[in-house]
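Novice: Numbered according to the UniProt record's numbering, the sequence shown spans residues 1 to 278.
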Amino acid sequence: MHGVPMEKSKVRLRVHVAIFAAVMVIAIGGTMYLEGLSLLDAIYFSIVTVATVGYGDISPKTPAGKILALVIIFTGVSTFLAVAANATELFLSRRDDENRLKKLNMVMGLFFSEAGTRLLRFFTDADPALELLQNSLVIKADWGPRQFSDAVRRLKEHPCQVRIDAIDLASLKCFLTEKSELLVGLMENPYMLEHETFTDLVIAVLHLKEELESRETLTPLPQSDLDHLAGDMNRIYAQLSRLWLTHMGHLKGAYPFLFSLAVRKNPFDREASVVVRY
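If you want it as structure tokens, here you go:
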């Protein structure tokens, strides 16, 4: 997302805060030295001077003190305004990023609701090593950050490879063709630019769809061609699995009712059922 501009704003804010702090330290120390004020009076005088309030109860009496007061007004006010402007910019930028992330998560939710979960089921049903992973990804309603972190670690260790002879290529082709409008619409969505991993996934899915649609027949195919298609599927399987798990973590905190349904449709759980049972 907008990480670089955000970091630049943070750096500018730190610099301006440091300058403002230095001005205040010099102002307080200089006032104490030149005007003979106590620490409390020097702090009070410096603050009201920077604020350009000037109540008049404490005023510089020496020429050097008056010059210092002018310097405090010009430098203090300008640096304070810079701090305020940068803090406001940082706040607005952070809020904008939060809104963008929220809308991106909505787009991802649409993808998984309409296509992603079903597509993932195609691959998990054809994963000969799924049992090694199944217990780690049978998500429960009481899962917290630790359980999700453990699941991410286990998923990274999983090979995510399918047996292509266990996949009905015609059904997969039909499914992806039906979702063409959705997939193209996702690529046209400006929020896709905010998430490179999600964009790469949709591109990979579109590529697999084109591969399947480009063949006049899907049976029989030589083993070399099947291996090629399996490679495309394995790429999607790995990306889709990790994104699905991340999305489940988001739903857990943001939309418990959507999370409940997603758990009951868990493509890694062969006993999953949308029917609510107590």
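Yeah, the Cβ is synthetic: ideal placement off N, Cα and C, and Gly gets one too.
Below 8 Å between beta carbons: does that hold for His235 and Ala262?
Specialist: In the sequence shown, the residue the question calls residue 235 occupies position 235. In the sequence shown, the residue the question calls residue 262 occupies position 262. At residue 235 the sequence reads Arg, which differs from the His that was named. No; because the gap between Cβ atoms is not below 8 Å, this pair is not in contact.
Novice: Relative to the C-alpha of Leu176, which residue among Lys209, Ala84, Asp165, Lys8 is closest?
Specialist: For this step, residue 176 is matched to residue 176 along the sequence shown. The option with the nearest alpha carbon to Leu176 is Lys209.
Novice: So, is Asn86 buried or exposed, given that buried needs 16 or more other C-beta atoms within 10 angstroms?
Specialist: If you number the sequence shown from 1, residue 86 lands on position 86. Buried: at least 16 other Cβ atoms inside 10 Å.
Novice: Which parts of the stretch 191-225 are runs of the alpha helix (DSSP H), unbroken and 4 residues or longer, counting only runs that do not cross its ends?
Specialist: If we require 4 residues or more, the alpha helix (DSSP H) runs fully inside the stretch 191-225 come out as 196-213.
Novice: Answer yes if the stretch 152-168 comes into contact with the stretch 124-133, meaning at least three C-beta pairs across the two stretches below 8 Å, and no otherwise.
Specialist: The answer is yes - the stretch 152-168 touches the stretch 124-133, with three or more Cβ pairs under 8 Å.
Novice: Quick check: the stretch 75-84 against the stretch 216-229, are at least 3 beta-carbon pairs closer than 8 Å?
Specialist: Touching, no, given that fewer than three Cβ pairs across the two stretches are closer than 8 Å.
Novice: At which residue ranges does the stretch 102-158 contain complete alpha helix (DSSP H) runs of 4 or more residues, listed in the order of the chain?
Specialist: 117-124, 130-137, 145-157, all fully within the stretch 102-158.
Novice: Looking at C-alpha atoms only, which residue of Ala254, Met233, Tyr255, Ile67 is the closest neighbour of Ile167?
Specialist: Taking the sequence shown and counting its residues from 1, one reaches residue 167 at position 167. Per the Cα distances, Met233.
Novice: How big is the Cα-Cα spacing for Asp165 and Ser214?
Specialist: Counted from its first residue, the sequence shown places residue 165 at position 165. Counted from its first residue, the sequence shown places residue 214 at position 214. Spanning the two alpha carbons is a distance of roughly 19 Å.
Novice: Within the same chain, show all residues whose beta-carbon is closer than 6 Å to that of Leu133, passing over the 5 residues directly before and after it, in chain order.
Specialist: As a first step, residue 133 is located in the sequence shown; it is residue number 133 there, counting from the start. Closer than 6 Å at Cβ, skipping near neighbours: His158.
Novice: Counting pairs of beta carbons, one from the stretch 239-248 and one from the stretch 108-119, are three or more of them closer than 8 Å?
Specialist: With the cut-off at 8 Å, the stretch 239-248 and the stretch 108-119 touch.
Novice: Rounding to the nearest angstrom, what Cα-Cα distance links Asp41 and Arg14 in this structure?
Specialist: Here residue 41 refers to the residue found at position 41 when the sequence shown is read from its first residue. Here residue 14 refers to the residue found at position 14 when the sequence shown is read from its first residue. Their backbone Cα atoms lie some 28 Å apart in a straight line.
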